[in-house]
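To start, the structure under review is shown below, and the notes come after it.
In mature numbering (1 follows the signal peptide of the UniProt record, and there is no 0), the protein residues as written are -24 to -1, 1 to 230.
Have a look at this one:
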């Protein structure tokens, strides 16, 4: 997978008031200081991400497009490396997680901070209410991607229920988390991909996939970050990062 020179990361630390995510509300200014926006070369937002290190952004593997990265407080960054998890399967969405290394570190300040992550193997109980945020579609029919950040709370759904025959019918793996209401109406949607699912102030999920948006039978599906915490740490801090390729991950450099 190639990293293109026109790929930019857009860190939106100043949140303006207006509308996003299905069934949610506008996020308070500066309330999500690690959330970033991945934008196309034409300036169109298409995925979210989280700043987990001054040099690193956590997002979904399926967000590996040609994009630009920049933020509302004018901190611009270009990527040096895309690191996709070696188990990522585009057909099944398993291990849908990616790290982006930036060419220059982001400046941490009152508008910008690092996202806290869970420990390896920790989980979230069924029914626990978490929060997902992003710039995705704000109606079930799609339409225009909002220009302002929105956030919505969703409860964790058990894997057993999510895998039932009238829901995802066995397609949810151990590397995934489901979250949503049995009545539907509140969910992440297109454009929210790669963004964080926050539980107890830690990022337990990365927006991955689903069946429509806000469907009562089909909760949103997230990559379970705690299943990959060790990989994240090894990628960011491991010395093998500087080798051309390893058996643990796929890398592409400019």
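Heads up, the beta-carbon is just placed ideally off N, CA and C, and yes, glycines get one too.
In whole angstroms, give me the CA-to-CA distance for residue 132 and residue 83. What you label residue 132 is simply residue 156 of the chain shown in a count that begins at 1. What you label residue 83 is simply residue 107 of the chain shown in a count that begins at 1. So the two alpha carbons sit approximately 34 Å from each other.
Does DSSP put residue 213 in a helix, a strand or coil? The residue you call residue 213 lines up with position 237 of the chain shown. Note: residue 213 maps to helix in three-state DSSP.
Candidates 28, 171 and 54: which alpha carbon is nearest residue 17's? Residue numbering aside, residue 17 sits at position 41 when the chain shown is read from its first letter. Answer by Cα proximity: 54.
Check each candidate in 79, 171 and 146 and name the one with the smallest Cα separation from residue 30. The residue labelled residue 30 in the question sits at position 54 within the chain shown. It is 79 whose Cα lies nearest to the Cα of residue 30.
Close Cβ partners of residue 135 (< 6 Å) along its chain, the five nearest in sequence each way excluded: For the purposes of this step, residue 135 is taken as the residue at position 159 of the chain shown. Closer than 6 Å at the Cβ level, and outside the excluded window around residue 135, lie 148.
Using a Cβ-Cβ cut-off of 7 Å (strictly less than) and excluding sequence neighbours within five positions of residue 3, which residues of its own chain qualify? Translated into positions along the chain shown, residue 3 becomes position 27. Note on residue 3: pLDDT 47, under 50, position unreliable in the model; the coordinate value appears next. Excluding sequence neighbours, residue 3 sits near -10, 109, 125, 126 and 127.
Within 8 Å, strictly: CB atoms of residue 282 and residue 70: Within the shown structure, residues of the chain are numbered from -24 to 230, placing residue 282 beyond reach of any answer.
Straight-line Cα distance separating residue 212 from residue 206: The sequence position of residue 206 within the chain shown is 230, counting from 1. The sequence position of residue 212 within the chain shown is 236, counting from 1. Computed Cα separation, rounded: 10 Å.
Could you say which of 65, 63 and 14 lies nearest to residue 41 if we only look at CA atoms? In the chain shown, the residue the question calls residue 41 occupies position 65. Per the Cα distances, 14.
List the residues that DSSP assigns as beta-bridge partners of residue 178. Locating residue 178 in the chain shown gives position 202, counting from the first residue. Note: residue 178 sits in a beta bridge opposite 175.
For residue 35, which residues does DSSP report across the bridge? Indexing the chain shown from 1 puts residue 35 at position 59. Residue 35 pairs with 74.
Within 10 angstroms of the Cβ of residue 203, are there 16 or more other Cβ atoms? Answer buried if so, exposed if not. Residue mapping note: residue 203 aligns to position 227 of the chain shown, counting from 1. Buried is the call here.
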